[in-house]
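Be aware that the sequence shown starts at 77, since it is given in our numbering, and climbs by one per residue. All C-beta atoms in this analysis are idealised placements derived from N, C-alpha and C, irrespective of residue type, glycine included. Computed from a predicted model, the values in this text were never measured in an experiment. Down below is the structure, laid out as structure tokens.
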Amino acid sequence: MTSILPQPIPPSNSDAHGADDDGSDTDRLFTIGELADAFDITTRAIRFYEARGLLAPQRVGANRSYTRRDKGRLTLILRGKNLGFTLEDIAEYLALYDADPVQEAQTRLLLEKIEAAINDLQQKRADLDRTLRDLKDIRAKCAEHLRKPGKSI
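Below is the structure:
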């Protein structure tokens, strides 16, 4: 299982071994299409995240160029979305990611958001369980009514 906490991405755009995922030089820049393919998302989605301030690619002429660090940020964005976080939550999380090299503040925020999400889901589950019980009771009364014509529900 992949950790939801990111591994630190050094500012030099290199991993611990000085190479990108495919073993190439970490100074390599990625096009928007390459990034979209790598994450199985559309280029439009990447541009949306850029417009919201979640990504800030370099520009080479009219083209966007993404670094390894941008790939790390996109990983965090997509993980946050999968966990049900709002884009505002994700932006706050990314700000902490940039500011806190040991990730303590980021981890605390994530813990708070996860606790809130768990509480929300537990409440929704209780509401669903209650609704299911009510519907099953009504179903039983309807079935009983059909077995014995003339009785009220």
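Segment limits, alpha helix (DSSP H) that includes residue i
{"i": "Q199", "result": "180-223"}
{"i": "L163", "result": "163-175"}
{"i": "R123", "result": "119-127"}
Spatial neighbours of residue i in its chain, beta-carbon cut-off 8 Å, leaving aside the 5 residues before and after
{"i": "D210", "result": "none"}
{"i": "L154", "result": "F115, I117"}
{"i": "A65", "result": "Shown here, the chain extends from 77 to 229; a query on residue 65 therefore has no answer."}
{"i": "G156", "result": "D165, I166, Y169"}
{"i": "L152", "result": "P82, I166, Y169, L170, Y173"}
{"i": "D213", "result": "none"}
{"i": "V136", "result": "L105"}
Three-state secondary structure (DSSP) of residue i
{"i": "F106", "result": "strand"}
{"i": "R135", "result": "strand"}
{"i": "R140", "result": "strand"}
{"i": "D113", "result": "helix"}
{"i": "L150", "result": "helix"}
{"i": "N158", "result": "helix"}
Chain-order list of residues whose beta-carbon lies under 6 Å from that of residue i (same chain, five-residue window excluded)
{"i": "F106", "result": "Y142"}
Nearest-angstrom Cβ-Cβ length linking residue i and residue j, presumed shorter than 8 Å
{"i": "R201", "j": "L163", "result": "The pair is not a contact, with the Cβ atoms about 25 Å apart (cut-off 8 Å)."}
Close Cβ partners of residue i (< 7 Å) along its chain, the five nearest in sequence each way excluded
{"i": "Q182", "result": "Y169, L172, Y173, D176"}
{"i": "K42", "result": "No information on residue 42 is available, as it lies outside the stretch 77 to 229 that the chain covers here."}
{"i": "R215", "result": "none"}
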